[in-house]
Ligand code: KIV
Ligand code: ZN
């Protein structure tokens, strides 16, 4: 018996027996404080989501900034293979037009309209009545259906649905479906719901409009219940789930893609074949990429993608696991892309060997990108005894975070001793001009960052300001590569709205890795300034700051 046979209420454009996986890492996930990505980085994530074979990529909120518009447009242009590209828009003049402009080029455009419906949002945020909210929702859905035509996917979200009065919520959903919405989304915007209650709410919406529209859910994790609420919703007939890689998102984040998908897969009796399309072996590469580019580390005990998710420490567990892995593993590491690899890479390895190895690790790398990783891997094999899987993954990631450079390093020097100050000097090309500078600091990294500041300030009118610095060893051993993450803003930018960017550096020399990370961040800040939309950031703005 199929799930639908026991739950006759499902509808819209989702194939029977499946749940549409709607990934919002690039929209809601990117709204996490400090998770800002460049347009090029968003494109990298979108490519990985396509390899993961999600059904919908929500690429951004085009009205939020020219950077987000450009990122959505580029993702819409590039994404093929039946994957829809969604853009978010408020029910307000200007937003839907901008979103349609951005996704118009997509093979499968998916417009996502929203307006708040709870009394608390209507009274204090929007300052409009229920009737006005209903009217705006109806008006913009109707406009979208008229503009995009009969086959387009038009989704409507009632923001803060789980705290909206039931009768009004159902009235809104009925009105928007009548106006042409093909999907209605039920957001638990502030992560307030609990599974039994949320499942029942979804059931009522399915009963009311489920024959004419796909029912979707969007759960936040403020009480740690986002995955549980999402699964309860699926059992009540929801046929689209909105999720993010690593559960990234506003505040405590969104329901995590890897948890929801692997729950659907691991418990087929509960959810028969509902997430069959996802290439789950791409989960680990996707998780690493998002963590790397956003600079948000994954907690070791995070379900599915944490470093300890498949580690068995205690003797009893190890004994049972060795006798039969099923004693302590409910899914295999291979099923989520944690394959143990067999090839090793050394100085004499060829490009094809490297390509095969990277494929085993879940990365399809070719052409110029392969050449770059190959050159770096061979150089590393000179500097280090064993080039490990972790080293190769770090090299691939470093290349993915590459940025156009207007500030280039020509050389550096440091003198540092116990008890004394460090003195660092750098020579750079800054916007085409050669510049050398030196500075003192309380340590070698501090002195070199100061020297960079001295060199760039007279030419750019600002210098990077370090807001965060992290260093970790990529692998074990004294010749391990150091991977450095920095976050920086411009000295001329202050306050909550300041653009904050990440920079990464990778080297067996941690001073060099630090300098590299600082210069990547400086280049991103300069790129955002001079090139505008080309490398613009998808800045976060509050509702008040939005146009
Ligand atoms: O959390 C939320 O309510 C949202 C909507 C815009 C879907 O992100
Ligand atoms: Zn949300």
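In my numbering, the protein residues as written are 28 to 574.
Where is the CB? At the ideal position from N, CA and C, for every residue including glycine.
At a cut-off of 3 residues, the continuous stretches assigned as beta strand (DSSP E) that sit fully inside the region 226-301 are 241-246 and 267-270. Listed in chain order, the non-local C-beta contacts of residue 525 below 8 Å within the same chain comprise 516 and 517, local neighbours out to five positions each way being set aside. In terms of side-chain proximity, the C-beta atom of residue 141 is found nearer than 8 Å to a non-hydrogen atom of the ligand KIV. With respect to residue 460, residue 486 sits close: the two C-beta atoms are nearer than 9 Å. Residue environment analysis places residue 181 among the buried positions, since at least 16 neighbouring C-beta atoms fall within 10 angstroms of its C-beta. Counting along the chain, residue 151 sits inside no alpha helix (DSSP H), nor does DSSP assign it H or E at all.
Taking the C-beta atoms as reference points, residue 93 is found no nearer than 9 Å to residue 115. Taking a cut-off of 8 Å on C-beta distances, the region 303-314 touches the region 64-79, as three or more cross pairs fall below it.
Straight through space, the alpha carbons of residue 365 and residue 389 are spaced by roughly 9 Å. Annotation: the continuous alpha helix (DSSP H) that includes residue 398 extends over 394-410. Following the DSSP letters along the chain, one finds residue 314 inside the alpha helix (DSSP H) bounded by residues 310-321. Listed in chain order, the alpha helix (DSSP H) elements of length 4 or more contained wholly in the region 169-228 are 193-206. Per DSSP, reduced to three states, the secondary structure at residue 351 is coil, with no helix or strand assignment. Residue 453 is bridged by DSSP to 439 and 464. DSSP, reduced to helix, strand and coil, places residue 157 within a helical segment of the structure shown. Within the chosen limit of 8 Å, the ligand KIV reaches the beta carbon of residue 115 through at least one heavy atom. When only Cα atoms are considered, residue 174 and residue 553 end up about 38 Å apart. Nearest Cα to residue 304 within the set 528, 556, 549 and 83: 83.
Taking the Cβ atoms as the reference, residue 258 lies roughly 15 Å from residue 218, outside the contact range of under 8 Å. In this structure, DSSP gives residue 49 an extended state, which the three-state scheme calls strand. Exclusion of residue 163 from the 8 Å shell around the ligand KIV follows from its C-beta lying no nearer than that to any non-hydrogen atom of the ligand.
Taking 3 residues as the shortest admissible run, the region 53-99 contains the following complete beta strand (DSSP E) segments, listed from N- to C-terminal end: 83-87.
In the three-state reduction of the DSSP assignment, residue 517 falls in the strand class, which pools E and B. Distances from the CB of residue 214 to the heavy atoms of the ligand ZN include at least one below 8 Å.
Per the coordinates, the alpha-carbon of residue 107 lies some 6 Å from the alpha-carbon of residue 134. Secondary structure note for residue 380: its alpha helix (DSSP H) is the uninterrupted segment 378-387.
The three-state reading of DSSP puts residue 492 in strand, counting E and B together. Taking one beta carbon from each stretch, the region 277-295 and the region 222-233 have fewer than 3 pairs nearer than 8 Å; the two do not touch. Rounded to the nearest whole angstrom, the C-alpha separation of residue 163 and residue 205 is 14 Å.
In its chain, beyond the 5 residues on either side, 531 and 533 have a beta carbon closer than 7 Å to the beta carbon of residue 425. Residue 225 and residue 260 do touch by the CB rule: their CB atoms are close to 6 Å apart, below 8 Å.
Within the DSSP secondary-structure output, residue 534 pairs in a beta bridge with 509. In this structure, 283 is the residue among 297, 337 and 283 with its C-alpha nearest to the C-alpha of residue 314. Taking 8 Å as the cut-off, one finds at least one heavy atom of the ligand KIV near enough to the beta carbon of residue 55. In the DSSP assignment, residue 325 falls outside any beta strand (DSSP E) and carries neither an H nor an E.
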